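**Student:**
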Amino acid sequence: MNVAFFDRDGTIIEDYEDHVWTGVKEPVFIKGAIETLDHIQKQGYSIMIITNQYLINEGYISYEQYEAINSSMLHVLKEHNISIQEVFYCPHRRDEGCRCIKPNIGMIEQALTSYPEIRLDHSFIVGDSKADVDLATRLGVRGYGIRITNEQPNVTLIDTISDLQFVINKNDK
Ligand SMILES: [Mg+2]
Ligand SMILES: [Zn+2]
50 MNVAFFDRDG TIIEDYEDHV WTGVKEPVFI KGAIETLDHI QKQGYSIMII TNQYLINEGY
110 ISYEQYEAIN SSMLHVLKEH NISIQEVFYC PHRRDEGCRC IKPNIGMIEQ ALTSYPEIRL
170 DHSFIVGDSK ADVDLATRLG VRGYGIRITN EQPNVTLIDT ISDLQFVINK NDK
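Residue numbers (the numbering used here): 50 to 222.
1) What is the DSSP secondary structure of T100, counted as helix, strand or coil?
2) Which residues share a DSSP beta bridge with C149?
3) List in chain order: all unbroken beta strand (DSSP E) runs of 3+ residues lying wholly within the region 107-177.
4) Looking at ligand 1, does it come within less than 7 Å of G192, judged from the CB to the closest heavy atom?
5) Can we count D64 as close to ligand 1, meaning its CB is less than 7 Å from some heavy atom?
6) Check whether the region 177-194 and the region 144-158 are in contact - that is, three or more C-beta pairs closer than 8 Å.
7) So with Cβ pairs under 8 Å, would you call R187 a contact of chain D?
8) Our contact map puts I210 next to A82 with C-beta atoms below 8 Å; I'd like the distance itself, whole angstroms only.
9) With three or more beta-carbon pairs closer than 8 Å as the criterion, would you say the region 136-147 touches the region 94-101?
10) Hey, L126 and I133: beta-carbon distance below 8 Å or not?
11) Can you tell me whether DSSP reads V190 as helix, strand or coil?
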């Protein structure tokens with residue numbers, strides 16, 4: 050199983066400052082995200098989401114609010130025939146010292162436990178934060194950083210999620 054691991058906030062749907070999330074009820078898709086997920090799926094990748102949701106344990110949003118935004122997002126994706134294999138999330142506070150908050154590798158470990166057939170060397174990680182590309186680096190997995198400035202050998206920097214459609218084609222040829 051080849052997996053495209055996507056960050057959620059700021060990558061697939063809009064991200065906000067922490068305090069603004071408190072009032073967010075519905076996901077707003079980032080331009081090009083749906084088309085890109087569709088493209089990636091058609092390249093034979095299973096899509097999984099790995100998302101830091103420290104907002105939950107830090108009290109900005111409730112678990113129910115997280116879940117509502119998530120299911121609403123998944124519902125829209127399903128209408129576009131995009132199936133998300135699994136969503137892994139870390140609810141812990143940033144100072145909680147958990148194993149799953151990116152760039153720690155816990156959520157990828159959870160994915161490997163649930164799906165031992167995942168071939169990490171044929172998978173990649175995409176996100177708009179340093180934590181996302183640092184996670185890719187820790188694992189030695191191919192990474193794509195959206196508007197990220199730090200250069201790392203295994204990471205390709207891109208401007209928008211739509212760029213992924215071209216990059217993935219290129220790399221697969
Ligand atoms: Mg993000
Ligand atoms: Zn965690």
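Backbone N, C-alpha and C fix where the C-beta goes; we use that ideal spot for every residue, glycine too.
Treat the numbers as computed from the prediction; the structure is a model and nothing was measured.
**Tutor:** Walking through what the data contain:
1) Sequence index remark: in the sequence shown, residue 100 carries index 51 (1-based). Looking at T100 - three-state DSSP - the assignment turns out to be strand.
2) Locating residue 149 in the sequence shown gives position 100, where the first residue counts as 1. For C149, which the question treats as bridged, DSSP gives no partner whatsoever.
3) 133-139, 173-176
4) Taking the first residue of the sequence shown as position 1, residue 192 is located at position 143. Flag unset: Cβ of G192 not near ligand 1.
5) Taking the first residue of the sequence shown as position 1, residue 64 is located at position 15. Within the cutoff, so yes.
6) yes
7) Here chain D cannot be found, since the structure has a single protein chain.
8) What you label residue 210 is simply residue 161 of the sequence shown in a count that begins at 1. What you label residue 82 is simply residue 33 of the sequence shown in a count that begins at 1. The pair is a contact, with the Cβ atoms about 5 Å apart (cut-off 8 Å).
9) yes
10) Counting from 1 along the sequence shown, the entry for residue 126 is found at position 77. Counting from 1 along the sequence shown, the entry for residue 133 is found at position 84. Yes, the pair counts as a contact, with Cβ atoms nearer than the cut-off.
11) Position 141 of the sequence shown holds residue 190. Residue state, collapsed to three classes: coil.
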